[in-house]
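The numbers in this note's numbering rise by one with no breaks, and the one at position 24 of the sequence shown is 24. Glycine included, every Cβ here is placed at the ideal spot set by N, Cα and C.
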Amino acid sequence: MLRGNYTARIDLKGRLKVPTAFRRYIEEKYSTPEFYVTSLTGECVRLYPLPEWESIEQRIALLPSMDPARRKFLDRTNYYGQQAELDGQGRVLIHPLLRKSAGVVGDVAVLGYLTYLEVWELEHFERRLLSDPYTEEDEAAIAGLGI
């Protein structure tokens with residue numbers, strides 16, 4: 001699983017150096033250097049190993065083509081999205097449109113979300129955590145899973 005938080009850097013050409021621990025796991029589990037790089041909100045960058053993204057696409061394809069949720073999902077993930085591949089130095093290119101929208105330049109936080117990675121501008125993510133605290137209701141929902 002992809003878990004934890006690492007600080008990484010996006011260079012002037014828009015390439016993210018994927019943290020070594022994440023890169024090793026992805027190479028071992030998926031045997032491919034390909035990603036689908038996208039976002040739902042434009043606030044952050046999501047990097048899906050291509051097999052994980054293809055699994056999502058298969059499930060989305062089951063919805064009727066005129067389903068509003070399907071349309072919104074595909075509108076956003078295609079607008080921000082681009083297939084990319086790790087280069088020989090473990091970097092992946094983030095589309096300029098998405099870099100600008102998410103404000104990701106220089107040092108960023110790369111967080112593991114089990115099957116994908118999210119890339120956040122550090123201060124934006126910290127503000128997000130503070131504005132959306134973990135509540136007793138959240139604790140109860142997680143406890144309902146036996147955690």
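message = Assuming the contact rule is C-beta atoms closer than 8 Å, VAL45 and LEU122 should be a hit. Round their C-beta distance to whole Å, please.
response = Rounded, the Cβ-Cβ distance is 13 Å, inconsistent with contact.
request  = Please confirm if the region 66 to 85 is in contact with the region 32 to 41, defined as three or more CB-CB distances below 8 Å between the two stretches.
outcome  = yes
request  = Let me know the secondary structure DSSP gives LEU50 once reduced to three states.
outcome  = helix
key: Close Cβ partners of ASP107 (< 7 Å) along its chain, the five nearest in sequence each way excluded   = THR7, ARG9, LEU122
message = My assumption, with CB atoms under 8 Å, is that PRO19 sits in contact with VAL110. Please give the rounded CB distance.
response = 6 Å
key: Identified DSSP bridge partners for VAL108   = ALA8, GLU121
query = The beta strand (DSSP E) with LEU93 in it runs from where to where?
reply = 91 to 93
key: Same chain, Cβ closer than 8 Å to ARG15, five either side skipped, listed in chain order   = ASP87, ARG91, VAL92, LEU93, ILE94
ask   = Helix, strand or coil: how does DSSP classify GLU34 here?
value = strand
ask   = What does a CB cutoff of less than 8 Å around GLU85 pick up in its chain, not counting 5 residues either side in sequence?
value = PRO33, GLU34, PHE35, VAL92
ask   = If you draw a straight line from the alpha carbon of GLU139 to that of GLY42, how long is it in whole angstroms?
value = 28 Å
query = What whole-angstrom Cβ distance do ARG3 and LEU114 have, given they're in contact under 8 Å?
reply = 7 Å
query = Going straight from the alpha carbon of GLU27 to that of SER131, what length do you get?
reply = 35 Å
message = Here's the rule: buried if 16 or more other CB atoms are within 10 angstroms of the residue's CB, otherwise exposed. What is GLY81?
response = buried
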